[in-house]
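Please read the structure below before turning to the comments.
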Amino acid sequence: MQQSNLYIISFTLIMTIFLGSLLSFTRMQLGPIQKKQVEIDTKKKILGAVMDISTLTSDEVLNLYNEKMKSIVIDLDGEEIIQADGSKLVAEEINIQKNYKIDPKERKYPVFMFSSNGESVDYYIFPMFGNGLWDWISGFIALDEKLNTVIGVAFDHKSETPGLGARISSEEIQDRYKGKMIYNQINELVSVKMLKSENNKGLGSHEVDGMSGATITAYGLNDMISHYFECYDPYISKIKTSPRSLTFNK
Amino acid sequence: MSTEVKEKEVIKIKPAESFLSKRRRKILVDPLDDNNPISIQVLGICSALAVTIKLEPTIVMSISVVFVMIFSSLITSLIRNYIPVRVRIIVQLAIIATLVTLVSEFLKAFNYEMFKVLGAFVGLIITNCIILGRLEAYAMGNKPYDSVLDALGSSVGYAWIILVVAFFRELLGSGSVLGFKVFEMLGWYSFPTNGLFVDSIGAFIILGLLIWAQRTRNGYIEN
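First to last, the protein sequences are chains A and B. Our numbering applies: residue 1 is where the first sequence begins, and numbers increase by one. Our numbering applies: residue 1001 is where the second sequence begins, and numbers increase by one.
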């Protein structure tokens, strides 16, 4: 009986239906919790660019984020994207990796703003995405209210070499970016470059000490940062020339 | 041949075998040492190399493997007489894959940090040959309780090896244990961490030394 084709087909059919329903039921139950985890993770990264959040719990991070952060989604011309039905996009839901793969003109660029008093912006946080040595690298760069000085950075990577390129996600490397300038004195975009080799002397305000043994990753970082600041440049110059009264409507 | 048959009959006639009889203890303990899936059977090496850079993900991985192993053995053994022989491997794989997906989903919901670290490796438990091997070789032909003991033995045998490897890799490669900088705590600030141990090569070295030590102790002779 067990060997008959009918038995085999019925057995596999019942098994498939049972296991399939079990999995989809689990997925439905856990889906909202997973979504929240991803949200916490993104918000931690964004906040991590401007402050030390290592001692905060997930709920504290979410509260702080909701209280202090505002966001906007812009296009390459620096204008806020309004959808056909008049609604705005949610910056936290923009997938930067997917956007990186399409034409810069078509991309949606999220910008996050940190405000301690809820009226004026203290820091602007720009997400970016690029290629390291082995796989993608990504980052959030926070600039001050004048949109020039780097307040902090948070880099992430998929599979850079541990101990070499993977150091970009360490505090030691990220601290090197603090206080560096993106624009020069006559307001031209220069970006900030990581140099080759380590322990360089006499670093300029657009230069960051390099990582020994991870030059390709460093160049990947440089390309990512300069490319994305070029994309954000129209928005940044608009804010600089006409500081907008912020739409911090609570 | 005839004595073997007799022995089996004797076991069947016995009213109840003790909860941890000598035979059952052997099922449980054998894979820990004499018949270890990694160091003797040399199975599951790929994950032993991939997830053992740090101790913490290794612990999560070990727990996941023990869970998947025990429950897949139990389920397979319970329905062993109903599984059509011609599609048994598919059935076993479906059971393993379902359990692994469950582990992965739960990890994503309740320990997202760990989910990011382990990433694809949890999904790859499906291809861990130790699990499919034990289902096919043992759970398909034995009672549920014995199969669970066998699964527990094999998975813990796998777990202790990768935990030892991870302990040394994190200690020598990153100078820490479970993220605590042990050498700095002991006042040795200039401990030279070795990048080789962060790489898979480090796992090979430690695994090799482990197998060497074990075979010397047990007097293993290559056939």
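Don't be surprised by glycine CBs; every beta carbon is placed ideally from N, CA and C.
- Residue range 5-48 is occupied by the alpha helix (DSSP H) that includes F18(A).
- Interface flag for F140(A) against chain B is unset, since no Cβ pair is found closer than 7 Å.
- Using a Cβ-Cβ cut-off of 7 Å, T26(A) counts as an interface residue toward chain B, since at least one Cβ of chain B sits closer than that to its own.
- Look at the region 195-223 of chain A: it has no residue with a C-beta under 8 Å from a C-beta of chain B.
- Shown in chain order are the members of the region 26-59 of chain A whose Cβ falls below 8 Å from a Cβ of chain B: T26, R27, L30, I33, Q34, Q37, V38, I40, D41.
- By the criterion of a C-beta distance shorter than 7 Å, I1211(B) is surrounded in its chain by S1039, once the five residues flanking it on both sides are discounted.
- Listed in chain order, the alpha helix (DSSP H) elements of length 4 or more contained wholly in the region 140-224 of chain A are 171-175.
- A contact between stretches requires three or more CB pairs, one per stretch, nearer than 8 Å, and the region 1183-1199 of chain B fails this requirement with the region 1069-1088 of chain B.
- One thing to note: I1162(B) has its Cβ within 7 Å of the Cβ of T1052(B).
- For P1057(B), the uninterrupted alpha helix (DSSP H) segment begins and ends at 1055-1078.
- Contact between S1104(B) and G1123(B) is confirmed by a C-beta separation of about 6 Å, below the 8 Å threshold.
- Nearest CB-CB separation between P1144(B) and chain A: not below the 7 Å threshold.
- Judged by pairs of C-beta atoms under 8 Å, the region 1053-1061 of chain B does not touch the region 1132-1148 of chain B, as fewer than three such pairs exist.
- The closest CA to that of V1091(B), considering only N199(A), F114(A), F18(A), D223(A), is found on F18(A).
- In the structure shown, Y123(A) falls within a strand segment according to DSSP collapsed to helix, strand and coil.
- DSSP, reduced to helix, strand and coil, places E60(A) within a helical segment of the structure shown.
- Between D122(A) and F114(A), the CB-CB gap stays under 7 Å.
- For the 7 Å CB-CB criterion, L1032(B) and G1157(B) form a contact.
- Of all residues in the region 1083-1095 of chain B, only I1083, P1084, V1085, R1086, V1087, I1090, V1091, A1094, I1095 place a beta-carbon less than 9 Å from a beta-carbon of chain A.
- For K70(A), no alpha helix (DSSP H) segment is defined; the enclosing uninterrupted segment is the beta strand (DSSP E) at 69-74.
- About 5 Å separates the beta carbons of I236(A) and L147(A), which is inside the 8 Å limit, making them a contact pair.
- Fewer than three pairs of CB atoms, one per stretch, sit closer than 8 Å, so the region 195-207 of chain A makes no contact with the region 151-159 of chain A.
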